[in-house]
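Residue numbers (the working numbering), protein chains in the order written: chain A, 1 to 228; chain B, 229 to 878.
Note sheet for the following structure.
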Amino acid sequence: MTYIGAAMTPLKSRIEEELEQALGVLWQMQARGEASEAKAREEVAGRVSREAFGALMERGLLKAADGKFHFAGKGETLARDVTRRHLLAERLLADVLDIRGPSLDANACQWEHILSNEVATSICVLLGHPKTCPHGEPIPDGDCCGSEAEALEPLMCPLSALEPGAEGRIAYLALPDPSLLHRLMSLGLVPGTRVRLKQASPAVIVQVEESLVALEFALASAIVVRRI
Amino acid sequence: MLLSESKTVATLRLALVGQPNVGKSVLFQALTGRYVTVSNYPGTTVEIARGVGDLGGRAWQVVDTPGIRSLLPRSEDEVATRNHLLEEPPDVLVQIADAKDLRRALRLTLELARLGRPMVLVLNLADEARARGLGVSVEKLTAALGFPVVETVAVTGEGVAELRRAIGAALPYAGPPADPPEVARALHSALRRLPADCPSPGVVAEMLLAGEPTMGRWLRRRFNGGAPIDCDDLRRPFHAGPEILLASSRRMLADEIAARASWRTGGAAPAWLDRLGMLLLQPAAGIAAAVVALLALYEFVGVFAATTAVNFIENTVFGAWLLPPVKAAFDAVLPPGWFRDMWVGDMGLITMGLTYALAIILPVVTAFFLFFSVLEDSGYLPRLSVLLDRLFRPLGLNGKAVFPMVLGLGCGTMATLTTRVLDTRRERLLVTLLIALAVPCSAQLGVVMGLLSGISAAGAGVWLAAILASFFSIGWAAGRLVPGGRVPFWIEIPPLRWPRADNILMKTQARVWWYLREAVPYFLAGTLAMFILDRTGGLRALETSLSPVVTGWLGLPREATFALVSGFLKRDYGAAGFYALARRGLLSPEQIVVSLVTLTLFLPCLAQFLLMIKERGARTAFAVAGVVTLVALGAGGATRAALAAIGGLP
Numbered sequence: 001m002t003y004i005g006a007a008m009t010p011l012k013s014r015i016e017e018e019l020e021q022a023l024g025v026l027w028q029m030q031a032r033g034e035a036s037e038a039k040a041r042e043e044v045a046g047r048v049s050r051e052a053f054g055a056l057m058e059r060g061l062l063k064a065a066d067g068k069f070h071f072a073g074k075g076e077t078l079a080r081d082v083t084r085r086h087l088l089a090e091r092l093l094a095d096v097l098d099i100r101g102p103s104l105d106a107n108a109c110q111w112e113h114i115l116s117n118e119v120a121t122s123i124c125v126l127l128g129h130p131k132t133c134p135h136g137e138p139i140p141d142g143d144c145c146g147s148e149a150e151a152l153e154p155l156m157c158p159l160s161a162l163e164p165g166a167e168g169r170i171a172y173l174a175l176p177d178p179s180l181l182h183r184l185m186s187l188g189l190v191p192g193t194r195v196r197l198k199q200a201s202p203a204v205i206v207q208v209e210e211s212l213v214a215l216e217f218a219l220a221s222a223i224v225v226r227r228i
Numbered sequence: 229m230l231l232s233e234s235k236t237v238a239t240l241r242l243a244l245v246g247q248p249n250v251g252k253s254v255l256f257q258a259l260t261g262r263y264v265t266v267s268n269y270p271g272t273t274v275e276i277a278r279g280v281g282d283l284g285g286r287a288w289q290v291v292d293t294p295g296i297r298s299l300l301p302r303s304e305d306e307v308a309t310r311n312h313l314l315e316e317p318p319d320v321l322v323q324i325a326d327a328k329d330l331r332r333a334l335r336l337t338l339e340l341a342r343l344g345r346p347m348v349l350v351l352n353l354a355d356e357a358r359a360r361g362l363g364v365s366v367e368k369l370t371a372a373l374g375f376p377v378v379e380t381v382a383v384t385g386e387g388v389a390e391l392r393r394a395i396g397a398a399l400p401y402a403g404p405p406a407d408p409p410e411v412a413r414a415l416h417s418a419l420r421r422l423p424a425d426c427p428s429p430g431v432v433a434e435m436l437l438a439g440e441p442t443m444g445r446w447l448r449r450r451f452n453g454g455a456p457i458d459c460d461d462l463r464r465p466f467h468a469g470p471e472i473l474l475a476s477s478r479r480m481l482a483d484e485i486a487a488r489a490s491w492r493t494g495g496a497a498p499a500w501l502d503r504l505g506m507l508l509l510q511p512a513a514g515i516a517a518a519v520v521a522l523l524a525l526y527e528f529v530g531v532f533a534a535t536t537a538v539n540f541i542e543n544t545v546f547g548a549w550l551l552p553p554v555k556a557a558f559d560a561v562l563p564p565g566w567f568r569d570m571w572v573g574d575m576g577l578i579t580m581g582l583t584y585a586l587a588i589i590l591p592v593v594t595a596f597f598l599f600f601s602v603l604e605d606s607g608y609l610p611r612l613s614v615l616l617d618r619l620f621r622p623l624g625l626n627g628k629a630v631f632p633m634v635l636g637l638g639c640g641t642m643a644t645l646t647t648r649v650l651d652t653r654r655e656r657l658l659v660t661l662l663i664a665l666a667v668p669c670s671a672q673l674g675v676v677m678g679l680l681s682g683i684s685a686a687g688a689g690v691w692l693a694a695i696l697a698s699f700f701s702i703g704w705a706a707g708r709l710v711p712g713g714r715v716p717f718w719i720e721i722p723p724l725r726w727p728r729a730d731n732i733l734m735k736t737q738a739r740v741w742w743y744l745r746e747a748v749p750y751f752l753a754g755t756l757a758m759f760i761l762d763r764t765g766g767l768r769a770l771e772t773s774l775s776p777v778v779t780g781w782l783g784l785p786r787e788a789t790f791a792l793v794s795g796f797l798k799r800d801y802g803a804a805g806f807y808a809l810a811r812r813g814l815l816s817p818e819q820i821v822v823s824l825v826t827l828t829l830f831l832p833c834l835a836q837f838l839l840m841i842k843e844r845g846a847r848t849a850f851a852v853a854g855v856v857t858l859v860a861l862g863a864g865g866a867t868r869a870a871l872a873a874i875g876g877l878p
């Protein structure tokens, strides 16, 4: 049987890493709504290796029928977990360690195999359960997301969750609509800007440098800050 | 207009650009002597204004543009400003900025630098910056940017002479580039896809790379179609968008320049005005302030202007001093007959049209504009919009709708024009409808308050309840029927300022002139139409055909039909007609309330209707008119029935 994804495995073999990577690729394709087996084979071959697709089928983690692929057995859980670890690693590297550009991807690719699911959960809590990776891809929810009780004080949180008087530095804006994003940017709300929450209701009032900006709750909760 | 006169003389063009609410229009006025409306809230300049100024012995064409926060536009007027800069590149670009927020100013400077035009940076509101303990070294800034920087206090004229001199010394930006290497490469690729004669290619390329949707349309229009220029492939490698990367790196560079050239002396505890400004954002204090403002409005406009001033002007100035000699003069020259009556008869242009316009309406409108200007300049309105945002949510609008609506309490026509400050077409349509329906203008309000003060407080309560019910129910229904979603609310909140008497007076004067130019011709045209209808028997026919509705459905006397019909021509004119009827004792208190409800909700005046056609299109304007007429008659009839059911007003 396979050990991939099992938290106790100290080090994974090269083939196991490849399989994890392939599962991640397939998860992304599925998330995009892409189900064609031929395309999946091609993409896995291009991004991971020629053998990986067949190996996943052999191990019963993947099935193909009518020219479409789908996960089987523990395949789906493993694929979700590896994607989560990869994207959370990206978030951590980008937001906390301020690593950008090509080394962000390279490091995240290493980390997805090293991190255990428990550590991924801790990162998720620390970062305030981020919804997307720095590239905008959705991070699959883990068990921790949505649960109220938290042992760890989150390092990152939505602007709307700061206490009045508290300060933060904007880490990223989690807005799906680019025109809204441009509006907030034009108010000086760009990554790196220091903000102070003045008031939380009826609208969120924020001091952005020398000016005062009122935002409705939904907008303020899409701005993720790192507490200062 | 000024443009055509100036084109032959002024060969050099200067554009004033800057963030909203930093004093562009005041400086425009200082440079050209022309007045454009100036207020203490963002979005007052909704059109590009042009004037001619004498700078260093040469005539310059000076262009005032609507405020922009970034060259990446977020609303129609920001698109207008950006396109103007692309289409008519100025010889000198003067950026006006708020000296209190140097870093934000510099971020826009770094964006504008890409236009490649000679620039001057004006740090306006320098007095407010000094009061907060902020210091700036103009020399260090000039050295960092490579072009002149001037500190001004536009409202007092401080620094304007230096600005005139600096314009001659304008130079393009010569500071360090802000583009991160990967963005610079993508921009380079995007540049090569542009037509060879594209103006300001750097900015156009940046917009395309940022995925700004109006840029493609502009390019196709400008270069007569052609294949759309697609930069999606260049955009894709930047997962979060190249514009975020650019904005972040511009922010860092701007912070660095600001850190080198400015300092802060002492933490300066917030002044009491700043503390009051924060307090007004809290519901309890904010609502208390709104109640105080409403009471003050009632006392000043409703009681002082609409009663005391109108009585004096109508009865004494017109009734006793002006009209008798004018009538006598006409009687001396003209024989009795329709031509004499057209001027000084019961429905004469002078005795009725001009008297209504100048003696009843003008004092009320002037008082309102004066009051509104104080409110505007103080910076209170954005605070009100924060408090009222939730009230507008069920209507599918956000707090920004407060601006046109409060202005609508002054003049609905002006308010319809101001809906341009709203972000989407949907919001503009919804607000246009609500202003046409349930926001009474000051001329109407004056008459309404005058009439209501003659009956019980309960009557006023019934009127207010009927208007508010119509406002929210129709607003709620329209918010659901008009497609599109609500735009999330965000607004910049300017500091609370002491209104300046000279600015208030100038602004009130400009608005009153605008009103006289727009309203008086319609008053006179309306009077003439009524006169002709009356003489040809058309009025009688109209009254007869409408009287089932007026007497049957609304339960009003036959004579009220005249006021209602004239309300078609001008809503406040109709109100004034009812006023006259009530004074003659022809209406009971219940009938007064019913007619006021009908009239308040009734069709906007002719001027507002024409502007609706111009701004929203004929189809929309007629649809709005239809809805408004039905709702007005429906609510009037319902009020009558309700009053009858409870056995009249207590």
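The beta carbon of each residue, even a glycine, is placed where N, CA and C say it ideally should be.
Taking a cut of 7 Å between CB atoms, which residues from the region 295–325 of chain B lie near chain A? 297, 298, 300, 302
Length at least 4, wholly inside the region 809–873 of chain B: the alpha helix (DSSP H) runs in chain order: 817–829, 834–844, 846–873
So, for residue 270(B): in the same chain, excluding its five sequence neighbours on each side, which residues have a beta-carbon less than 7 Å away from its beta-carbon? Low confidence applies to residue 270(B): its pLDDT is 49, below 50, so where it sits in the model is not reliable enough to give any reading.
Chain B contact for residue 191(A) (CB, 8 Å cutoff): yes
Note the first and the last residue of the continuous alpha helix (DSSP H) segment covering residue 220(A). 217–220
Could you work out which residues of chain B lie near residue 185(A), taking near to mean beta carbons separated by less than 8 Å? 298, 300, 471, 472, 475
Going along the chain, which unbroken runs of the alpha helix (DSSP H) with 4 or more residues stay wholly within the region 451–520 of chain B? 460–463, 470–489, 500–507, all fully within the region 451–520 of chain B.
Since residue 807(B) and residue 607(B) should fall inside the 8 Å C-beta cutoff, what is the C-beta to C-beta distance between them, to a whole number of angstroms? Actually they do not touch by this definition, with Cβ atoms about 36 Å apart.
My parser needs the beta strand (DSSP E) runs of 3 or more residues fully inside the region 371–397 of chain B; what are they? 377–379
Ordered along the chain, which non-local residues of its own chain (more than five positions away) have a Cβ less than 7 Å from that of residue 657(B)? 710, 844, 848
Helix, strand or coil for residue 36(A) per DSSP? strand
If we count Cβ pairs, one from each stretch, closer than 8 Å, do we get three or more for the region 543–562 of chain B versus the region 732–751 of chain B? Fewer than three pairs of CB atoms, one per stretch, sit closer than 8 Å, so the region 543–562 of chain B makes no contact with the region 732–751 of chain B.
Are residue 598(B) and residue 855(B) closer than 8 Å when you measure CB to CB? no
Roughly how many whole angstroms lie between the Cα atoms of residue 672(B) and residue 794(B)? Rounded to whole angstroms, residue 672(B) to residue 794(B) spans 13 Å at the Cα level.
Buried or exposed, going by whether 16 or more other CB atoms sit within 10 Å of the CB of residue 701(B)? exposed
Starting from residue 180(A), find everything on chain B with Cβ-Cβ shorter than 8 Å and list it in chain order. 716
Counting only beta-carbon atoms, is residue 188(A) nearer than 8 Å to chain B? yes
In the DSSP output, what is residue 211(A) paired with across the bridge? 208(A)
Using C-beta distances below 8 Å, list every residue in its chain close to residue 109(A), excluding the 5 sequence neighbours before and after it, in chain order. Within its own chain, the residues whose Cβ lies closer than 8 Å to the Cβ of residue 109(A), once the five positions on either side in sequence are excluded, are 21, 86, listed in chain order.
I'd like to know whether the C-beta of residue 720(B) is nearer than 8 Å to at least one C-beta of chain A. yes
Straight-line gap, residue 261(B) to residue 281(B) (C-alpha atoms, nearest Å): 8 Å
Cross-strand partners of residue 172(A) (DSSP beta bridge): 224(A)
Expressed to the nearest angstrom, what Euclidean distance is found between the alpha-carbon atoms of residue 311(B) and residue 355(B)? 33 Å
Assess contact between the region 814–824 of chain B and the region 575–593 of chain B, defined as three or more Cβ pairs (one per stretch) separated by less than 8 Å. Is contact present? no
Excluding sequence positions up to five away, which residues of its chain have a Cβ less than 6 Å from the Cβ of residue 215(A)? If we look at residue 215(A) and ignore the five residues flanking it on each side, its Cβ neighbours are 204.
Run of the beta strand (DSSP E) containing residue 633(B), from where it starts to where it stops: From DSSP, residue 633(B) is part of no beta strand (DSSP E) but of the alpha helix (DSSP H) over 630–636.
Spatial neighbours of residue 569(B) within its chain, please: CB distance less than 7 Å, with the 5 preceding and 5 following residues excluded, ordered by chain position. 576
Suppose contacts are defined by Cβ-Cβ distances below 8 Å. Is residue 386(B) in contact with residue 364(B) by that definition? no
Less than 8 Å between the C-beta atoms of residue 225(A) and residue 195(A), yes or no? yes
Please name the residue in 491(B), 455(B), 324(B), 384(B) whose C-alpha comes closest to that of residue 368(B). 491(B)
Might you give, ordered along the chain, the residues of its own chain that have their beta carbon closer than 8 Å to the beta carbon of residue 399(B), omitting 5 neighbours on each side? 346, 347, 374, 375, 376
Under 8 Å Cβ to Cβ from residue 521(B), same chain only, skipping five residues before and after it: list those, please. 603, 608
Express the C-alpha separation of residue 670(B) and residue 742(B) in angstroms, rounding to a whole number. 15 Å
Taking any Cβ of chain A, which residues in the region 739–770 of chain B have a Cβ under 9 Å from it, in chain order? Result list empty, no residue passes.
Residues of the region 617–638 of chain B with a CB closer than 8 Å to any CB of chain A: list them in chain order, please. 617, 618, 626, 627
For the pair the region 313–330 of chain B and the region 401–409 of chain B, tell me if three or more CB-CB distances fall below 8 Å. Flag = no, the region 313–330 of chain B and the region 401–409 of chain B do not touch.
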